[in-house]
Amino acid sequence: MVTDKIKELEAARAKLASLEQSIQDELKNELATLPAKYGFASADDFATAVRAASGGSSSGDPARRGRRPGRPAKTASSAASVADKGGRKRRKRAVITDETRAQVKKMVESGKTGAEIAKGLGISLPSVQNIKNALGLVRKR
């Protein structure tokens with residue numbers, strides 16, 4: 003019956019909550035014993051040593067708070083060249099001017115490929131494609 007299943011579900015939820023609480027308690031106890039296990043007098047000394055070993059700041063640097071561990075703070079100079087997931091640096095964002103658009107149009111008319119245009123002007127292939135699209139130089143499929 004449905005009521006039996008509801009009661010069984012409530013019992014399972016209560017058991018789950020009990021297990022979660024016991025895991026939290028065990029984890030808290032294990033973490034509390036870590037400094038002494040590794041020979042440190044206090045949790046602060048232990049945390050400082052862990053930060054130093056991982057290359058992080060040993061102080062409570064407000065600039066580092068709220069970020070994921072191991073991620074350096076973004077600065078104005080690094081914002082343009084943030085490493086992506088492939089380990090490569092992103093290039094600085096190109097500024098597309100009317101002159102750039104005119105050069106793209108001229109190069110398309112001379113028979114250059116999109117990749118050749120991108121390399122020659124120092125802009126990305128998608129930027130070339132966007133310019134060609136905006137100028138009406140792309141055939142519809």
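Converting from the sequence shown to this note's numbering requires adding 2 to each position, the first position being numbered 1. The beta carbon of each residue, even a glycine, is placed where N, CA and C say it ideally should be.
For the alpha helix (DSSP H) that residue i lies in, which residues bound it at each end?
i           : result
residue 109 : 100-111
residue 4   : 4-39
residue 50  : 45-55
residue 139 : First-last for residue 139: undefined, no H or E at that position.
residue 94  : It is not in any alpha helix (DSSP H) - residue 94 carries neither H nor E in the DSSP assignment.
Residues in its own chain within less than 7 Å of residue i by CB, not counting five upstream and five downstream?
i           : result
residue 105 : 123
Express the C-alpha separation of residue j and residue i in angstroms, rounding to a whole number.
i           : j           : result
residue 25  : residue 120 : 56 Å
residue 110 : residue 56  : 52 Å
residue 103 : residue 49  : 55 Å
With burial defined as no fewer than 16 other Cβ atoms inside 10 Å of the residue's Cβ, what is the status of residue i: buried or exposed?
i           : result
residue 129 : buried
Considering only residues of the same chain and omitting the five flanking positions on each side of residue i, which have a CB-CB separation below 8 Å?
i           : result
residue 47  : 37
residue 116 : 127, 130, 131 and 134
residue 44  : 37
Assuming residue i and residue j make a contact with CB atoms under 8 Å, what is their CB distance in whole Å?
i           : j           : result
residue 137 : residue 114 : Not really, about 14 Å apart at Cβ, beyond 8 Å.
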